[in-house]
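First the structure, in the form of structure tokens, and then the observations on it.
Protein chains: 4
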Amino acid sequence: MSMSTPTSQPLGVAVIGHSFMGKAHSNAWRNVGAFYPEAPPARQAVLVGRDPLRTKEAAARYGWAEAATSWESVLERDDVHVVDICTPGESHHDIAVAALAAGKHVLVEKPLSNTVAESESMTRAAAEAATRGVHSMVGFNYRRVPALALARQLVEQGRIGEVRQVRASYLQDWLTDPTAPMTWRLRRESAGSGALGDLASHVIDQVQHITASTVTGVNGRLHTFVAERDGDAGREAVTVDDAAWATCVLSSGAIASIEVSRVAAGRKNGLSLEVFGSEGSLSFDLERLNELGVHEEHGEHAGLRRVLVTEESHPYLQAWWPPGHVLGWDATFTMQAADFLGAIAADRAPSPSFAEGLAVQRVLAAVEQSARHLGTCVDVPAEDPLEGGRA
Amino acid sequence: MSMSTPTSQPLGVAVIGHSFMGKAHSNAWRNVGAFYPEAPPARQAVLVGRDPLRTKEAAARYGWAEAATSWESVLERDDVHVVDICTPGESHHDIAVAALAAGKHVLVEKPLSNTVAESESMTRAAAEAATRGVHSMVGFNYRRVPALALARQLVEQGRIGEVRQVRASYLQDWLTDPTAPMTWRLRRESAGSGALGDLASHVIDQVQHITASTVTGVNGRLHTFVAERDGDAGREAVTVDDAAWATCVLSSGAIASIEVSRVAAGRKNGLSLEVFGSEGSLSFDLERLNELGVHEEHGEHAGLRRVLVTEESHPYLQAWWPPGHVLGWDATFTMQAADFLGAIAADRAPSPSFAEGLAVQRVLAAVEQSARHLGTCVDVPAEDPLEGGRA
Amino acid sequence: MSMSTPTSQPLGVAVIGHSFMGKAHSNAWRNVGAFYPEAPPARQAVLVGRDPLRTKEAAARYGWAEAATSWESVLERDDVHVVDICTPGESHHDIAVAALAAGKHVLVEKPLSNTVAESESMTRAAAEAATRGVHSMVGFNYRRVPALALARQLVEQGRIGEVRQVRASYLQDWLTDPTAPMTWRLRRESAGSGALGDLASHVIDQVQHITASTVTGVNGRLHTFVAERDGDAGREAVTVDDAAWATCVLSSGAIASIEVSRVAAGRKNGLSLEVFGSEGSLSFDLERLNELGVHEEHGEHAGLRRVLVTEESHPYLQAWWPPGHVLGWDATFTMQAADFLGAIAADRAPSPSFAEGLAVQRVLAAVEQSARHLGTCVDVPAEDPLEGGRA
Amino acid sequence: MSMSTPTSQPLGVAVIGHSFMGKAHSNAWRNVGAFYPEAPPARQAVLVGRDPLRTKEAAARYGWAEAATSWESVLERDDVHVVDICTPGESHHDIAVAALAAGKHVLVEKPLSNTVAESESMTRAAAEAATRGVHSMVGFNYRRVPALALARQLVEQGRIGEVRQVRASYLQDWLTDPTAPMTWRLRRESAGSGALGDLASHVIDQVQHITASTVTGVNGRLHTFVAERDGDAGREAVTVDDAAWATCVLSSGAIASIEVSRVAAGRKNGLSLEVFGSEGSLSFDLERLNELGVHEEHGEHAGLRRVLVTEESHPYLQAWWPPGHVLGWDATFTMQAADFLGAIAADRAPSPSFAEGLAVQRVLAAVEQSARHLGTCVDVPAEDPLEGGRA
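Chains as they are written, first to last, in this note's numbering: chain A, 62 to 452; chain B, 62 to 452; chain C, 62 to 452; chain D, 62 to 452.
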């Protein structure tokens, strides 16, 4: 099977899933052409969901040409070149592997999957597909936050010297209230984990990306503050973590501390990063996503500079609005779509790859293992993902 | 001619103009259905511009079914029900009056027009059209910033008591550099005025809206810090203001101070408002448009509360993203489009009306007049706009 | 009579007044030696107040060797070399003039006096005394806020280019509540003016100092939001302003807007300054007095830098605490005392001089005059204070 | 030997040590009477230091009646009732134990001592002295920061519900530069530990105090980023930590994460605390020590409230300055002195006691032990300090 990219036609896109993430990704495909004229054109071919009525309605609202209820059928369509998987994590593996086999470029919303084993399998499939010119990417959308992309650039340019400490957190508060009800997200069998998988995955990807380095060992702790909640069938044990902590050793020699929580009263979507280097530091808070704090040691009267990352010269912003006209959270998905389309057109490996998604899963697994062993340091396997998988 | 709203078909929209504002409005029409499912459906019928090639390209990129070069021809189309005017101010009057006469609902980007006389004529046309069920609105998009809409609600509910002082500014810095070149925006004949018309118009509308009150008298000052700039034909006088100041008396008895500038180094899009009442205060900065500062005198340990205006219960946010997932500047146009569609569907007068746009123009004119007379206080005519126009 | 500075003995200090300002100045004299070892030693000789018992108690508490009830008697003492006047403004003139005549160095808390005429008389007395080596200074303590002193330095060094706009305010809220009682501060006959004299005087001095420029013309407005309050003798008219606004033209060509208020709910001691120049800007808020915002246009990724002004190299801080160990409001009086002592020892004219205090009074008077004439622009007399006084 | 408090005479104070901490404590004793009139009067009797000349000079500058070079001799003086130990940690034990034996009330600057064993010995001596009415306290001055004292009150009152998570850090940057020279503070034998003992001790005391709870187990990590520095005798190994991390389990069930560093570029004195409870949260940053962030879940439009902790009704502030007139870092020592004097006068056990200082030392020791064992969780001995010591 050969690469599915057409030469002159728009790339047909199918999104699988139409709830929160399906809506966010639909928004991206609807808008990518307006802000990234140089990206290859994409066409919102079909939105896939289980419920025919709701899927049809969502498709109409979100700008899709068609609605469908079977993702398998979509893989057979010639007018679909990109499959964008926005379903819950448990189905990621099967859809992704099948789509790659069918020659479709695949974007998978994070986490890559719910288990390391599945992620390894997906990574192998992606590597194989890449040999056929079929591309894949995992949806860590915060890679595209312009302020974080700028942070990455500044680190790469050595503007803050050698990175030593990263202090990171992702704090939300939607489970603060102990009377908030039980949901599938609070059961281990359906959700895999709690704040760890949902929030720490973003943080770990950022830490590895910004430092261009990998986590090699972790100390971890998990905790559930509200141990039981009321469900449809009465009182029920919460079997995932409300909060998680990790101290990570990075291959570069830096150390990163991570704290994530869903019971941090007053924090709505508080992904914060402080990156300390030998010659400066950076700071970021997702609730103010257009801003990057930059401190450079050099020069008189040093101090933390609030850079409003809305200039045309800043990453991803060459074709949006004038300076100071801030962007929203949803724009990061539009940027992600543009990057994916651009990589496909250039026949270039997109990033973050499935292998990068797998690397995050392995860190999460190590945190869980450490947490089960009094927090003692656990090594993160660093072998090549494909080799490791084949062993 | 009867009202143009169809009963079952989507409302066909034409946008006139395809540069900065045309892009922003196109974005709104492309996305309004996704976030406001209860709004009547709209269809991006046609984008109008002078240059055939560039208009066609923009139409394709921004999601329009067609491109056209004549706004007059668009007024004749049966599939166009809404005309959205995004051209420079000097053409607003003619297009708007013709479109209303043709039975099209009209949205005009602010300022309503470049002169009070034209604005009066437009306001009369709008009033007449309203008797035929044809609606009109002026595009003060900041009315829709959720934090500012919340500010309006809190004032209305008496949460900060009786408003006494408003301290407002709109500071930008794109003309800071004296070597920045001459443009049509810096010539009085083409631009009408400088920071005053461009920036103070937004501020005055906000002040009047939030306080539910009108400016009755003003002291004004205008200043041009860089008196000459290099143009295509050599050195040329700048004939509009770089900055403007006004102290406004409001019909409610409150006093508002206003400062606007295009040479405020370091401020990119800094519309800031502080509203002081007898029982509390509010504060806002457009560069952090998802936040509203709320201070209430009551209760122990008072202080300025940073409210992240991203809750489902906040204005305009019932169908966007979860709490803490911030919105961008462009979202305010989507909200504006939803409001306009909703008003059309309900056959209800949209706000801000042309009369409200005219009221802002009259305040701007009074500021200019005061500035020409050593800043002495100038009354703002408060008569009914239609009556005033007919006199 | 010759200069009173001893060569080897500590300078004996008398403070006149022991309430709020007397306490703040006492604190300064008690601590100046600890933080400014290079300043000539000062001795807390005597605290003067009307009430013998309360003055004695205050003297003991604040570290004074003695208490006294007559300021006249203090002027006769040989062990008093410095007279520091902390009484209400109405008595400043008589004490200062007598003290200067008696050969005492005089520090007068701001405002210099309640009237321009008295201030002129004091300025003449100071000029005459200076010819005898007797020094005088007015207590605009905010000149010594390290962040503001740094602001002055940066402007002087041209770091933000030519200053164009200054946006200044001093907002407090202690009169927000309309049931707050009548006091002498709200009567014109005792207080002179309201927010204008109390708060705008500080702001005007800062504006003139930071820009090294003088106000040459003003548009002013005054307003009293709560027109009557309950006093001991029943309901009584408030005869001073609750808030004041001014737009000032500076001799340098810059324009400064000023807003002051005592009814700005939620602002406790909010003196804020934004200084916009052709190459950068500065910002300051007294409620965070250890910080200066610095924006410089040059360089990549510009932004407002929060400089924590606590480094040994920053103004006034060579002998305080390590970086980041913040100072309080009271420290500014200690710095003021050190400056005054240093000037005396060096037989150098201290600043701000009485002439500088008079200049501020003249601007305040012009604001009042403008406010009485619909806000029309009023010139501020710029003649030499001594000449002007003699004319 | 009986209690040394005189009935009518001021309490005579001796401070041992005259560098950084001696200066800060001197400042407190010099000013405590001015701000705490109800505290028993104190007299600055004698300042003790090794170098006769420098001590004499410091004594004169800091307001001491006398200087001395032998702390032993001071213990014999009848006019000394309070001994305040500001020497390096290694001498704390001997001076404190001797002073207590001599019937002097003892204030020891933190850390209580450099070792757990010494701290246990001191705690036993303090308990014995207490039976004689002789009091002792350890100088965790941040207990007195008004904003932190308010935080403690709010937690105690249940305003944020049950505390679940504390996120704490103390970040400085004075060792960021790898060329900063070797000092005694970077050698284990002289300094005990690095950032851990210096900075984490403050944080741990705060965490335990604010939550009214004790750390029962910790995971720890220490790291030295700059392993060698240039000393007087050439290149030398740094044998203490530059940074430390700990995850602490509290007896209340809460979990606290702690990160401290001396290489956090851009943070000067950044002690920050975020306390998350079941009904709200608090936040604090020492670089803005007059502010407390308070979030309460209840009520509409929740958000983080910036409380300026400068009201007369706030802890410690009944007799300072008007609202908004901010205090400096040094004021916390004045408050500490007032608390100690008040406890002595009332014959009441001061807090933080030596036992509380010991408790902090035990947590630090557990962090070190955990760090030596791959970060595995180490229990903190919770036994009664005296009993534990005797075992």
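The beta carbon of each residue, even a glycine, is placed where N, CA and C say it ideally should be.
To the nearest angstrom, how far is it from the Cα of residue i to the Cα of residue j?
i	j	result
L168 of chain B	V107 of chain B	15 angstroms
H86 of chain C	R204 of chain C	15 angstroms
R122 of chain A	L347 of chain A	28 angstroms
R8 of chain D	L365 of chain B	Residue 8 of chain D is absent from the structure shown; chain D starts at 62 and stops at 452.
I146 of chain A	E133 of chain A	12 angstroms
A325 of chain A	P383 of chain B	16 angstroms
P411 of chain C	E417 of chain C	11 angstroms
F81 of chain D	P207 of chain D	22 angstroms
E320 of chain A	H263 of chain A	12 angstroms
E448 of chain C	T184 of chain C	Bear in mind that the predicted position of E448 of chain C carries a pLDDT of just 45, short of 50, making it too unreliable to give a figure here.
R290 of chain C	G258 of chain C	20 angstroms
V299 of chain D	P242 of chain D	10 angstroms
V55 of chain C	V109 of chain C	Nothing can be reported for residue 55 of chain C: it is not among the residues displayed for chain C, which extend from 62 to 452.
V190 of chain B	V143 of chain B	The sequence shown places Ala at residue 190 of chain B, not Val. So the two alpha carbons sit approximately 13 angstroms from each other.
G94 of chain B	S374 of chain B	20 angstroms
R423 of chain A	S322 of chain D	28 angstroms
By a C-beta neighbour count over all protein chains shown, 10 Å radius and 16 as the cutoff for buried, is residue i buried or exposed?
i	result
S274 of chain A	buried
T192 of chain D	exposed
R225 of chain B	buried
W245 of chain B	exposed
H356 of chain D	buried
Q105 of chain D	buried
G78 of chain D	buried
D492 of chain A	Because chain A spans 62 through 452 in this model, residue 492 of chain A falls outside it and cannot be assessed.
G436 of chain A	buried
S131 of chain B	exposed
E99 of chain B	exposed
Which residues share a DSSP beta bridge with residue i?
i	result
M396 of chain D	M396 of chain D is not bridged to any residue.
R104 of chain C	C:G73
T308 of chain C	C:N280 and C:S318
V301 of chain C	Answer is none; V301 of chain C lacks a bridge partner.
G292 of chain D	D:G295
V421 of chain C	For V421 of chain C, which the question treats as bridged, DSSP gives no partner whatsoever.
Please compile the residues from chain F whose C-beta is within a distance smaller than 7 angstroms of the C-beta of residue i.
i	result
G389 of chain A	The displayed structure is made up of protein chains A, B, C and D, and chain F is not among them.
The ligand ADP heavy atoms versus the CB of residue i: any closer than 7 angstroms?
i	result
F345 of chain B	As for the ligand ADP, it is missing from this structure, which has no ligand bound.
Minimum length 3: unbroken beta strand (DSSP E) runs contained in the region 319-394 of chain B: 331-338, 341-346, 352-357 and 365-369
*Unbroken stretches of the beta strand (DSSP E), 3 residues or longer, contained in the region 157-182 of chain C*: 166-170
Q. Taking a cut of 8 angstroms between CB atoms, which residues from the region 71-97 of chain B lie near chain A?
A. F81, K84, A85, S87, N88, R91, N92, G94 and A95
Next item on the list: Could you run through the region 306-326 of chain A and flag, in chain order, every residue whose CB is less than 7 angstroms away from some CB of chain D?
Entry: W306, T308, I316, S318, E320, S322, V324, A325 and A326
_For a minimum of 4 consecutive residues, which ranges assigned as the alpha helix (DSSP H) are wholly contained in the region 188-270 of chain A?_
207-217 and 249-252
**Request:** Using a Cβ-Cβ cut-off of less than 7 angstroms, list which residues of the region 248-280 of chain D approach chain A; keep chain order.
**Result:** N280
Runs of alpha helix (DSSP H) wholly within the region 120-158 of chain B (minimum 4 residues, chain order):
132-136
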